[in-house]
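Visitor: Numbering (this note's numbering), first residue to last: 240 to 662. All C-beta atoms, glycine included, are put in the ideal place defined by N, C-alpha and C. Quick one: structure below, then a few questions.
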Amino acid sequence: MRRFTHYDYWQDKIRPGILADSKADILVYGMGEKAILEVLGRISSGESTFSIRGTVRFPGKKVSESFLSDCVSCVELPSYEEVLKNPDALMEEAKIIESEMNPFSAKCLFQRHNDRVMIQEPPCTPLSTEELDEIYALPFTGLPHPSYKEEIPAYEMIKNSITSLRGCPGACSFCGIIAHQGKFVTSRSRESIISEIRRLAGRKDFRGTVSDIGGPTANTYGHRQSGGKLCENCRRVSCLFPEICRHYNIDQHALIDLLEEAARIPGVEHLFISSWLRLDLAMRQKEQSAKIIRNNVSGHLKVAPEHLDGEVLALMRKNPSKDFLEFLELFREETEKEGKKQFVAPYFISNFPGSTDESMKKIESFLQNRRWELQQVQDFIPLPLTMAAAMYYCGKSCDGKKIHVNKGLKERRPQIRTLKKMG
240 MRRFTHYDYW QDKIRPGILA DSKADILVYG MGEKAILEVL GRISSGESTF
290 SIRGTVRFPG KKVSESFLSD CVSCVELPSY EEVLKNPDAL MEEAKIIESE
340 MNPFSAKCLF QRHNDRVMIQ EPPCTPLSTE ELDEIYALPF TGLPHPSYKE
390 EIPAYEMIKN SITSLRGCPG ACSFCGIIAH QGKFVTSRSR ESIISEIRRL
440 AGRKDFRGTV SDIGGPTANT YGHRQSGGKL CENCRRVSCL FPEICRHYNI
490 DQHALIDLLE EAARIPGVEH LFISSWLRLD LAMRQKEQSA KIIRNNVSGH
540 LKVAPEHLDG EVLALMRKNP SKDFLEFLEL FREETEKEGK KQFVAPYFIS
590 NFPGSTDESM KKIESFLQNR RWELQQVQDF IPLPLTMAAA MYYCGKSCDG
640 KKIHVNKGLK ERRPQIRTLK KMG
């Protein structure tokens with residue numbers, strides 16, 4: 240996420256690409272499996288590590304000059320020096336980077352840092368289902384590193400969870416998943432997941448509960464982009480915003496069938512979905528959503544409306560809050576049918592770029608009317624390389640309109656208090 244010039248929130252300053260500080264020879268970005276194998280193979284055989292997909296290099300002055308003279312189809316980003324002088328240049332950088340994220344059609348990117356250039360090769364293409372299955376069939380122990388002697392809370396949370404997919408079609412403006420895994424969804428095969436659950440159920444410390452079957456978003460399992468060359472050449476960063484693309488194929492029965500088969504595995508008593516559900520997809524997969532509500536909620540189901548103000552949601556690349564309200568009604572209906580006592584755990588963000596105290600009152604009023612107490616709250620922190628970080632830094636939306644941005648604790652405190660007092 241720091242591979243090009245970026246805004247560092249903790250230092251409150253513009254920083255160069257991390258290779259300029261680390262002095263490393265090469266950086267691998269994304270999930271890295273293909274790139275790492277290629278890098279190691281070339282090093283072993285004494286070959287050059289140039290032009291490897293999914294990598295970034297920061298060569299010296301002479302090699303940089305040679306690159307610039309030979310570069311034909313590469314795309315140039317605003318220079319480090321330009322971003323230092325002009326905040327709007329960071330927004331321009333973010334827009335170019337997003338336009339070159341599609342691994343099937345992305346071009347090489349470069350950025351001048353004084354008399355050198357930072358060079359990013361196009362992203363690696365997504366792993367296929369077969370390749371993803373192969374990785375998860377490797378003999379991982381599933382245990383923390385032996386150097387850890389004390390209990391690790393994060394490990395306790397995920398030790399009995401199963402990863403079912405990779406990639407997220409949503410591309411929320413604040414999220415790093417689009418830069419790590421991309422928008423193309425790859426799901427593991429049902430056989431691969433069932434096999435892993437059987438291995439999990441056979442462990443001595445397994446107590447009958449699979450805590451999660453999910454990924455970046457649990458209810459995108461089995462989905463795919465079905466437009467062929469159209470999808471491979473698409474420059475749209477999100478398949479779901481501002482509307483769901485007609486080439487985005489929703490398959491709600493893949494997850495239903497998987498959950499039903501997994502529930503029949505000997506030793507599995509409880510099977511929960513703890514990963515976030517995308518609300519815009521949940522209401523287009525009502526049969527799936529209803530089954531999850533009835534059978535796969537551990538007491539609290541996590542959903543992430545993020546905000547309730549339409550303008551802020553648009554800046555987040557999230558669809559209108561009506562999906563959230565419709566889902567709450569579906570959740571209430573299905574829960575009452577089952578006679579269960581279970582709840583929705585919504586997640587909201589304060590101080591997102593464009594979020595005013597007035598827009599936060601919509602969340603406050605909503606929570607007060609429902610007498611809800613939040614379990615989780617998040618004050619916005621800009622993640623490098625994301626569109627939201629650029630919006631925060633330059634005070635503009637991606638289309639150049641000025642937006643309200645709270646900076647510094649004094650400005651941010653009112654919205655933080657709004658959410659905390661509801662918790």
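Which residue spans inside the stretch 271-295 form an unbroken beta strand (DSSP E) run of at least 3?
Guide: Those beta strand (DSSP E) runs which fall completely within the stretch 271-295 and span 3+ residues do not exist here.
Visitor: Using C-beta distances below 7 angstroms, list every residue in its chain close to residue 537, excluding the 5 sequence neighbours before and after it, in chain order.
Guide: 511, 513.
Visitor: Check this for me: beta carbons of residue 418 and residue 624, under 8 angstroms apart or not?
Guide: Yes, these two residues count as a Cβ contact at 8 angstroms.
Visitor: Report yes if the CB atom of residue 183 is closer than 8 angstroms to the CB atom of residue 411, and no otherwise.
Guide: Summary: the structure shown does not reach residue 183, with the chain confined to residues 240 through 662, and so no result is reported for it.
Visitor: Between 286, 544, 445, which lies nearest to residue 213 when the distance is taken from Cα to Cα?
Guide: In the structure displayed, the chain extends from 240 to 662; residue 213 sits before or after that span and is not available.
Visitor: How is residue 244 classed by DSSP in three states: helix, strand or coil?
Guide: Note: residue 244 maps to coil in three-state DSSP.
Visitor: Kindly indicate which three-state DSSP category residue 589 falls into: helix, strand or coil?
Guide: The answer is strand: DSSP assigns residue 589 an E or B state.
Visitor: Taking DSSP as the reference, what is the three-state secondary structure of residue 401?
Guide: Three-state result, residue 401: strand.
Visitor: How is the alpha helix (DSSP H) around residue 653 delimited, first residue to last?
Guide: First-last of the alpha helix (DSSP H) with residue 653: 647-659.
Visitor: Given this structure, state the Cα-to-Cα distance separating residue 719 from residue 287, to the nearest angstrom.
Guide: Outside the displayed span of the chain (240 to 662) sits residue 719, for which this structure offers no information.
Visitor: List in chain order: all unbroken alpha helix (DSSP H) runs of 4+ residues lying wholly within the stretch 466-508.
Guide: Counting only runs of 4 or more, we get 468-471, 491-502.
Visitor: Smallest Cα separation from residue 349: which of 244, 603, 473?
Guide: Looking at the Cα atoms, 244 is the closest of the given residues.
Visitor: Below 8 angstroms on the Cβ atoms is my guess for residue 546 versus residue 594; work out the distance and round it to an integer in Å.
Guide: About 7 angstroms separates the two Cβ atoms, so the contact holds.
Visitor: Just tell me which of 607, 620, 659 has its CA closest to the CA of residue 250.
Guide: If we check each option's Cα against that of residue 250, 620 comes out closest.
Visitor: Would you please verify whether the beta carbon of residue 484 is less than 8 angstroms from any beta carbon of chain B?
Guide: Given the protein chain composition of this structure (a single chain), no chain B is represented.
Visitor: Which one of 390, 627, 356 has the shortest CA to CA distance from residue 588?
Guide: The candidate whose alpha carbon is nearest that of residue 588 is 627.
Visitor: Is residue 622 helix, strand or coil when you go by DSSP?
Guide: Coil at residue 622, not helix or strand.
Visitor: Would you give the residue range spanned by the alpha helix (DSSP H) that residue 566 belongs to?
Guide: Here the alpha helix (DSSP H) through residue 566 covers 561-577.
Visitor: Starting from the C-beta of residue 601, find all residues in its chain whose C-beta is less than 7 angstroms away, skip the five residues before and the five after it, and write them out in chain order.
Guide: 547, 548, listed in sequence order.
Visitor: Identify which residue in 354, 273, 319 has its Cα closest to the Cα of residue 292.
Guide: Nearest C-alpha to residue 292: 273.
Visitor: Within the chosen definition, does the stretch 363-382 reach the stretch 311-323 through at least 3 CB pairs nearer than 8 angstroms?
Guide: No: the two stretches stay apart, fewer than three of their Cβ pairs being nearer than 8 angstroms.
Visitor: Between residue 462 and residue 488, is the Cβ-Cβ spacing less than 8 angstroms?
Guide: Yes.
Visitor: Nearest-angstrom Cα distance between residue 637 and residue 367?
Guide: Going by the C-alpha atoms only, they are around 33 angstroms apart.
Visitor: Going by the beta-carbon positions, is the gap between residue 258 and residue 357 smaller than 8 angstroms?
Guide: Closer than 8 angstroms, so yes.
Visitor: Closest to residue 483 by CA distance: which of 441, 422, 442 is it?
Guide: Comparing Cα positions, the closest option is 422.
Visitor: Hey, how far is the Cα of residue 393 from the Cα of residue 402?
Guide: C-alpha separation (whole angstroms): 15 angstroms.
Visitor: Tell me, to the nearest whole angstrom, how far the beta carbon of residue 495 is from that of residue 526; I am working on the premise that it is less than 8 angstroms.
Guide: Their Cβ separation, rounded to whole angstroms, is 7 angstroms, which keeps residue 495 and residue 526 in contact under 8 angstroms.
Visitor: In the DSSP output, what is residue 541 paired with across the bridge?
Guide: Answer by DSSP bridge pairing, in chain order: 584.
Visitor: Which residue marks the beginning of the beta strand (DSSP E) containing residue 415, and which one marks its end?
Guide: From DSSP, residue 415 is part of no beta strand (DSSP E); its letter is neither H nor E.
Visitor: Taking only the alpha-carbon atoms, compute the straight-line gap between residue 240 and residue 579 and give it to the nearest angstrom.
Guide: Going by the C-alpha atoms only, they are around 43 angstroms apart.
Visitor: If you measure between the beta carbons of residue 519 and residue 479, is that distance less than 8 angstroms?
Guide: Contact flag set, yes.
Visitor: If you draw a straight line from the C-alpha of residue 459 to the C-alpha of residue 633, how long is it?
Guide: When rounded, the distance between both Cα atoms is 33 angstroms.
Visitor: Between which two residues does the beta strand (DSSP E) containing residue 350 stretch?
Guide: Where residue 350 is concerned, the enclosing beta strand (DSSP E) stretches over 348-352.
Visitor: Could you give the DSSP three-state label for residue 309: helix, strand or coil?
Guide: Residue state, collapsed to three classes: helix.
Visitor: Whose C-alpha, out of 523, 598, 554, 655, is nearest the C-alpha of residue 613?
Guide: Minimum Cα distance to residue 613 is reached at 655.
Visitor: When the Cα atoms are used, what is the spatial distance from residue 390 to residue 398?
Guide: When rounded, the distance between both Cα atoms is 12 angstroms.
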